[in-house]
Structure formats: C-alpha cells, structure tokens
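Trainee:
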Amino acid sequence: MANKIEIANVSHVGKRRPHNEDSTLTDVTTGLAILADGMGGYKAGEVASALAATEIYFSITHGLEELKSVRTKKHPQKAELSPQSLVVKDAVIRANSDIYRIAQEVPDCLGMGTTVVVALFHNRKATIAHVGDSRLYRKRNNRFQQITKDHSLIQELVDRGLYTMEEAVATTPKNLVTRALGIDNAVDVAIMEESPEPGDIYLLCSDGLNDMVDDEEIHLTLSKYSANLVQAAEELVSLANAKGGKDNISVILIRILEGFSSSGGFLKQSLHQIFMKSGE
Numbered sequence: 004m005a006n007k008i009e010i011a012n013v014s015h016v017g018k019r020r021p022h023n024e025d026s027t028l029t030d031v032t033t034g035l036a037i038l039a040d041g042m043g044g045y046k047a048g049e050v051a052s053a054l055a056a057t058e059i060y061f062s063i064t065h066g067l068e069e070l071k072s073v074r075t076k077k078h079p080q081k082a083e084l085s086p087q088s089l090v091v092k093d094a095v096i097r098a099n100s101d102i103y104r105i106a107q108e109v110p111d112c113l114g115m116g117t118t119v120v121v122a123l124f125h126n127r128k129a130t131i132a133h134v135g136d137s138r139l140y141r142k143r144n145n146r147f148q149q150i151t152k153d154h155s156l157i158q159e160l161v162d163r164g165l166y167t168m169e170e171a172v173a174t175t176p177k178n179l180v181t182r183a184l185g186i187d188n189a190v191d192v193a194i195m196e197e198s199p200e201p202g203d204i205y206l207l208c209s210d211g212l213n214d215m216v217d218d219e220e221i222h223l224t225l226s227k228y229s230a231n232l233v234q235a236a237e238e239l240v241s242l243a244n245a246k247g248g249k250d251n252i253s254v255i256l257i258r259i260l261e262g263f264s265s266s267g268g269f270l271k272q273s274l275h276q277i278f279m280k281s282g283e
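For the sequence shown, our numbering assigns the number 4 to the initial residue and increments by one for each residue that follows.
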C-alpha cells in the first residue's frame, strides 16, 4: 500500500539572485521531504545544499532499510527518540561532516554551508529535523503554526529577552544564522516528533518565502488553493516574487491523507522531484 501522503515541490531563483542555491528533494513513497538553502562563494552554496539533500536522502533511505531488517529487536521503552528519528538525526550529522570536509579540502568551496529542514512521514509519525532558518509550518484545520524555531541571530536576541520580535526584525539583518551545515565539524540538530492527522498540510520553505510573505498571507494562500497542492506551491512562489523576490524561493507542501501509513515498500522508491529549480 502506498504511503498516504501527497507532495508538491516548487523552487524558483527569484528576481535578484543570479542562480538558485536552494536544493529540494522529495520521495512520496518513502514519505521524505528535504529542503536546503545554501550559502557561500560563487556557486559554493549550491554545492553545499545539493550535497545536503542527496546525502541526507540516501542516508535516511539506507537507515530505514536497516531498521526493517532488525525490526524484531527490542528498543529502550523510554528512549528519547524513536529509531526513525535517530536515523534522521544521524543522516543530518553525516551530511554536516561531509560538507565541512569538502569545504576544507576544496579552495572554491571554503566557507560554504547550508541550512536544512527535513520531514519524514513514517510509522504514523512525523520526524522533523532542522538546522538554520529554513522553516516547517503545519496547517491543521484553521490553525497555521510554525513548528520549527529559527537558528538565527534575530531569534537568539528574542530568546535572550533583549528585543521583542518586532524590534529584532527591525534592527537586525535577517540572513544571519547561528547554525548551518558545513560551518563546523560538529552540528547541533534540532529534532522533534509529532503525530500527523488526515487533512494536515505541512509546508517546508526557504527564507525566500517567509522573508517576503508574512505568515497570515501564507495561511490565506494555502487555504484558498488547498485543493491543489501544486497550484498552492506555485501561488506562494509567485506571491514572494510579486513582493520583490529578493532571494531564491523554495516550497514543499505535504498533505496527510486518510489511512496515513508507512507501509510503502522502500525498495520501490519513486523520487517525486530532485533539485527542482524552475525559473533558472
């Protein structure tokens, strides 16, 4: 039985950047979505984000296959993370190590890095991991909520009580992240689990969307076009471009369908989109 989710994936270079440094990858059969927003010198950010997406994808799919082969083994009853979440966390850590190593070895890649947000829908759970300021939101009924918390200077100033969010946004550059893959040989991965419900819509996006379009407008657009996820994703990208398109814009939407289950047969993987970069 196929995984009971629907996925749409759109990425656009925007109106100001010479090339797209975002990378997106989705696999509807595995229930996996990955979005990375690269940074660095000439095209180095593109290299970092592509490495993150591909390495995390293959690490997770391999790790899930290994879990299937040892599924009869007992796991600690009070483990902090489920086996699938440990697979996701390990995949992100491995990607960080590889990106950091390449950045140190290849002169043109020195200083490259990338944000990443990962969502795995498996075993009736959603595992969400992120590093940096690429976001994941959830629309459930009429409520739209940011699930991830930015690893950014703005958020850090707010958390320390030095500014309100409004003050921090008005006085602090938006693109200063406090965590990214490839910047150091170690990385602190934020990871959480939750239980999706039929009808939920999850949104993964780079800051090219949420820096240009506020949460209320994103919610209204999702509500208006929710019957067609591809159209909804395209409308969100168009809205960001209409407001200036100052950065690359990437959007992944996932809808949870009735009968959501993970019994999708991982050996019959079907990549829905890899590095979809329309508009370049």
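Each residue gets a CB set at the ideal place from its N, CA and C atoms; glycine is no exception.
Along the chain, where does the alpha helix (DSSP H) that runs through Y60 open and close?
Mentor: Within the sequence shown, residue 60 is the residue found at index 57, counting from 1. That run of the alpha helix (DSSP H) goes A47 to S72.
Trainee: Do you know how far the Cα of E24 is from the Cα of A106?
Mentor: Stepping through the sequence shown from its first residue, residue 106 is reached at position 103. Stepping through the sequence shown from its first residue, residue 24 is reached at position 21. C-alpha separation (whole angstroms): 16 Å.
Trainee: Apart from the five residues on each side of it in sequence, which residues of its chain come closer than 6 Å, Cβ to Cβ, to I186?
Mentor: What you label residue 186 is simply residue 183 of the sequence shown in a count that begins at 1. Excluding residues within five positions, the ones whose Cβ falls inside 6 Å are G116.
Trainee: So, do the stretch 90 to 108 and the stretch 189 to 198 have three or more beta carbon pairs nearer to each other than 8 Å?
Mentor: yes
Trainee: Could you tell me the boundaries of the alpha helix (DSSP H) in which L352 lies?
Mentor: With the chain represented from 4 up to 283, any question about residue 352 goes unanswered, as that position is not in the structure.
Trainee: Between the Cα of E220 and the Cα atoms of V240, G202 and L232, which residue gives the shortest distance?
Mentor: Stepping through the sequence shown from its first residue, residue 220 is reached at position 217. Nearest C-alpha to E220: V240.
Trainee: Per DSSP, which one or two residues make a beta bridge with S155?
Mentor: The count along the sequence shown starts at 1 and reaches residue 155 at position 152. The partner list for S155 (beta bridge, DSSP) reads V180.
Trainee: At which residues does the alpha helix (DSSP H) containing K128 begin and terminate?
Mentor: Residue mapping note: residue 128 aligns to position 125 of the sequence shown, counting from 1. In this chain, K128 is not harboured by any alpha helix (DSSP H); it is covered by the beta strand (DSSP E) spanning K128 to V134.
Trainee: For E58, I'd like the list of residues in its chain whose CB is within less than 7 Å of its CB, leaving aside the five on either flank, ordered along the chain.
Mentor: Mapped onto the sequence shown, residue 58 falls at position 55. Contacts found: R97, A98 and D101.
Trainee: Can the beta-carbon of L35 be found less than 9 Å from the beta-carbon of L123?
Mentor: Position 32 of the sequence shown holds residue 35. Position 120 of the sequence shown holds residue 123. A contact, by the Cβ cut-off of 9 Å.
Trainee: Have a look at the DSSP bridge pairing and note the partners of Q234.
Mentor: Within the sequence shown, numbered from 1, the residue matching residue 234 stands at position 231. Beta-bridge pairing links Q234 to no other residue.
Trainee: Distance check for R127 and E69, CA to CA, integer angstroms please.
Mentor: Taking the sequence shown and counting its residues from 1, the one referred to as residue 69 is at position 66. Taking the sequence shown and counting its residues from 1, the one referred to as residue 127 is at position 124. Distance between the alpha carbons of E69 and R127: 19 Å.
Trainee: Please specify which runs of the alpha helix (DSSP H), each continuous and at least 4 residues long, are wholly inside the stretch 190 to 268, giving them in chain order.
Mentor: Positions of the alpha helix (DSSP H) runs, each at least 4 residues long and wholly inside the stretch 190 to 268, are given as 210 to 213, 218 to 227 and 232 to 245 in order along the chain.
Trainee: Mapping the DSSP letters down to three states, classify V31 as helix, strand or coil.
Mentor: As a position in the sequence shown, residue 31 is number 28, starting the count at 1. Three-state DSSP puts V31 in coil, outside helix and strand.
Trainee: With a CB to CB cut of under 8 Å and the five nearest residues on each side skipped, what residues in its chain are close to I8?
Mentor: Here residue 8 refers to the residue found at position 5 when the sequence shown is read from its first residue. These residues qualify, in order along the chain: V31, G34, F124, I257, R258, I259, L260 and F263.
Trainee: Excluding sequence positions up to five away, which residues of its chain have a Cβ less than 6 Å from the Cβ of L38?
Mentor: In the sequence shown, residue 38 corresponds to position 35, counting from 1. Leaving aside the five residues that flank L38 on each side, the residues in its chain whose CB is nearer than 6 Å to its CB run, in chain order, T27, V120, S137, L207, S253 and I255.
Trainee: Which first and last residues belong to the beta strand (DSSP E) in which V13 is found?
Mentor: As a working mapping, residue 13 is identified with position 10 in the sequence shown. I8 to H15 is the span of the beta strand (DSSP E), which, as asked, contains V13.
Trainee: Going by Cα to Cα distance, which pick from D218, T174 and P86 is closest to F147?
Mentor: Taking the first residue of the sequence shown as 1, we reach residue 147 at position 144. Checked all of D218, T174 and P86; the closest Cα to F147 is D218.
Trainee: Smallest Cα separation from D93: which of V109, S72 and T64?
Mentor: Counted from its first residue, the sequence shown places residue 93 at position 90. Comparing Cα positions, the closest option is T64.
Trainee: Mind reading off the beta-carbon distance from S88 to T130? Whole number of angstroms is fine, and I expect it under 8 Å.
Mentor: As a working note, residue 88 is residue 85 in the sequence shown. As a working note, residue 130 is residue 127 in the sequence shown. Right, their Cβ atoms sit about 4 Å apart.
Trainee: Between which two residues does the beta strand (DSSP E) carrying T117 extend?
Mentor: Numbered from its first residue, the sequence shown carries residue 117 at position 114. From DSSP, the beta strand (DSSP E) with T117 extends over G116 to H125.
Trainee: How far does the beta strand (DSSP E) with K142 in it extend, from its first residue to its last?
Mentor: Position 139 of the sequence shown, counting from 1, holds the residue named residue 142. Its beta strand (DSSP E) spans residues R138 to R143.
Trainee: For L38, does the three-state DSSP call read helix, strand or coil?
Mentor: One-based indexing of the sequence shown puts residue 38 at position 35. Reduced to three states, the DSSP call for L38 is strand.
Trainee: Have a look at V16 and Y103 and give me their C-alpha separation to the nearest angstrom.
Mentor: Position 13 of the sequence shown, counted from the start, is the residue given in the question as residue 16. Position 100 of the sequence shown, counted from the start, is the residue given in the question as residue 103. When rounded, the distance between both Cα atoms is 25 Å.
Trainee: So, using beta-carbon positions, are K177 and D203 closer together than 9 Å?
Mentor: Position 174 of the sequence shown holds residue 177. Position 200 of the sequence shown holds residue 203. No. Outside cutoff.
Trainee: With 16 other CB atoms within 10 Å as the buried threshold, where does H154 fall?
Mentor: Indexing the sequence shown from 1 puts residue 154 at position 151. Per the 10 Å Cβ criterion, buried.
Trainee: Taking the continuous beta strand (DSSP E) assigned at R146, which residues delimit it?
Mentor: Locating residue 146 in the sequence shown gives position 143, counting from the first residue. R146 to Q149 is the extent of the beta strand (DSSP E) around R146.
Trainee: Would you mind sorting D111 into buried or exposed? The rule is 16 or more other CB atoms within 10 Å of its CB.
Mentor: Here residue 111 is taken as the residue at index 108 of the sequence shown, counted from 1. Per the 10 Å Cβ criterion, exposed.
Trainee: Taking C-beta to C-beta, are E237 and K227 nearer than 9 Å?
Mentor: Taking the sequence shown and counting its residues from 1, the one referred to as residue 237 is at position 234. Taking the sequence shown and counting its residues from 1, the one referred to as residue 227 is at position 224. Cβ atoms of E237 and K227: not closer than 9 Å.
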